Amino acid sequence: NAGVTQTPKFQVLKTGQSMTLQCAQDMNHNSMYWYRQDPGMGLRLIYYSASEGTTDKGEVPNGYNVSRLNKREFSLRLESAAPSQTSVYFCASSESSGGAHEQFFGPGTRLTVL
Amino acid sequence: QQPVQSPQAVILREGEDAVINCSSSKALYSVHWYRQKHGEAPIFLMILLKGGEQKGHDKISASFNEKKQQSSLYLTASQLSYSGTYFCGTEILGGAQKLVFGQGTRLTINP
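One line per chain: the protein sequences are V and D, in this order. Going by this note's numbering, the first residue of the first sequence is number 1, and it counts up by one from there. Going by this note's numbering, the first residue of the second sequence is number 1, and it counts up by one from there.
So, in structure tokens, the structure goes:
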């Protein structure tokens with residue numbers, strides 16, 4: 001089992017460019033999440049998908065869109081990147097949404113926007 | 001709504017004990033604890049679901065005080081491998097089914 005995988009691992013963008021971060025899990029989990037992590041800020045939820053076919057906003061959704069492509073895959077899109085979106089992005093999954101289930105994190109994507 | 005962790009940073013010598021606290025302004029359904037090494041993904045440590053519940057494995061344990069809306073993580077006889085940043089994640093009672101993470105506590109263990 002690979003667990004949660006993310007691509008790419010590193011990315012540099014210019015302001016205004018767009019890109020999609022990919023995430024996949026092979027644990028048959030129902031729920032998936034996108035977080036961003038900035039120094040001293042902890043993990044902040046961008047969007048999550050409680051189950052296939054549903055998505056909901058988290059704490060910091062502005063400037064992002066998501067797609068739950070199927071049960072395995074959950075992508076995050078930046079339509080017009082801004083320097084404020086420079087961060088480390090983590091995808092996570094859990095058996096079900098809510099606090100009763102541990103979350104498994106991917107290795108992260110380190111994004112720099114110039 | 002973000003839980004508050006204290007202290008922000010701790011420096012210990014190997015073998016010493018540490019306590020990390022996580023406090024919420026709202027009633028909680030659950031508290032998660034994760035550890036993250038530099039440049040790596042967070043790794044799950046434990047979940048506490050009931051008020052007063054205590055869990056642990058090896059020399060790391062945690063408690064959940066429902067009335068005080070807080071959880072504490074206890075690291076006993078710390079080892080070098082315990083170094084990293086510890087995060088609590090909380091789910092509000094009756095709220096949306098998602099976690100909100102604290103800002104983290106950086107733990108450094110020196111030989």
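Don't be surprised by glycine CBs; every beta carbon is placed ideally from N, CA and C. The structure presented is a predicted model; accordingly, all values stated were derived computationally and were not measured.
Assuming residue i and residue j are in contact, meaning their beta carbons sit under 8 angstroms apart, how far apart are those beta carbons, in whole angstroms?
| i | j | result |
| --- | --- | --- |
| F74 of chain V | M32 of chain V | 4 angstroms |
| L167 of chain V | I46 of chain V | In the structure as shown, chain V starts at 1 and stops at 114, and residue 167 of chain V therefore has no counterpart that could be examined. |
| D17 of chain D | T76 of chain D | 5 angstroms |
| Q6 of chain V | T109 of chain V | 5 angstroms |
Cβ of residue i less than 9 angstroms from any chain V Cβ?
| i | result |
| --- | --- |
| A62 of chain D | no |
| T90 of chain D | yes |
| P7 of chain D | no |
| G102 of chain D | yes |
| H32 of chain D | yes |
| A96 of chain D | yes |
| L99 of chain D | yes |
| C49 of chain D | Checking the displayed sequence, the identity of residue 49 of chain D turns out to be Leu instead of Cys. True, the Cβ-Cβ gap to chain V drops below 9 angstroms. |
I'd like the list of long-range same chain contacts for residue i, defined as Cβ closer than 7 angstroms, with 5 residues on each side in sequence excluded.
| i | result |
| --- | --- |
| V12 of chain V | T112, L114 |
| P7 of chain D | T105 |
| G84 of chain D | R35, Q36, K37, L107 |
When you compare each of the options to residue i by their alpha carbons, which one comes out closest?
| i | options | result |
| --- | --- | --- |
| S30 of chain D | D:T90, D:K98, D:T105 | D:T90 |
| R68 of chain V | V:K9, V:L21, V:D38 | V:L21 |
| Q85 of chain V | V:T15, V:T7, V:R72, V:A2 | V:T15 |
| S23 of chain D | D:T76, D:Q103, D:L75, D:L80 | D:Q103 |
| Y74 of chain D | D:C88, D:K26, D:K67 | D:C88 |
| A81 of chain V | V:M19, V:Q37, V:G40 | V:M19 |
| N65 of chain V | V:W34, V:S87, V:R72 | V:W34 |
| V88 of chain V | V:M41, V:Q103, V:R72, V:V4 | V:M41 |
| A96 of chain D | V:K57, V:D26, V:K9, V:N28 | V:K57 |
| Y82 of chain D | D:V4, D:Y34, D:Q5 | D:Y34 |
| R36 of chain V | V:N62, V:G3, V:A2 | V:N62 |
| I60 of chain D | D:G39, D:I47, D:Q70, D:E40 | D:I47 |
| N28 of chain V | V:T55, V:V4, V:P107, V:G106 | V:V4 |
| N21 of chain D | D:I43, D:K68, D:S72, D:H57 | D:S72 |
Check the Cβ-Cβ distances between residue i and every residue of chain D, and say whether any is below 9 angstroms.
| i | result |
| --- | --- |
| Y64 of chain V | no |
| R68 of chain V | no |
| A100 of chain V | yes |
| M19 of chain V | no |
| F105 of chain V | yes |
| G53 of chain V | no |
| D56 of chain V | yes |
| G108 of chain V | yes |
| S97 of chain V | yes |
Cutting at 6 angstroms between CB atoms, please list the residues of its own chain near residue i, excluding the five before and the five after it.
| i | result |
| --- | --- |
| E59 of chain V | R44, L45 |
| Q2 of chain D | V100 |
| I11 of chain D | T108 |
Sorted by chain position, which residues of the same chain lie with C-beta nearer than 8 angstroms to residue i's C-beta, five sequence neighbours on each side aside?
| i | result |
| --- | --- |
| E113 of chain D | Residue 113 of chain D is absent from the model: chain D starts at 1 and stops at 111. |
| I92 of chain D | Q1, S24, K26, A27, L28, Y29, V100 |
| H101 of chain V | S31, S94, E95 |
For the structure I just gave you, are there three or more beta carbon pairs, one from the segment 32 to 51 of chain V and one from the segment 88 to 105 of chain V, closer than 8 angstroms?
A contact between stretches requires three or more CB pairs, one per stretch, nearer than 8 angstroms, and the segment 32 to 51 of chain V meets this requirement with the segment 88 to 105 of chain V.
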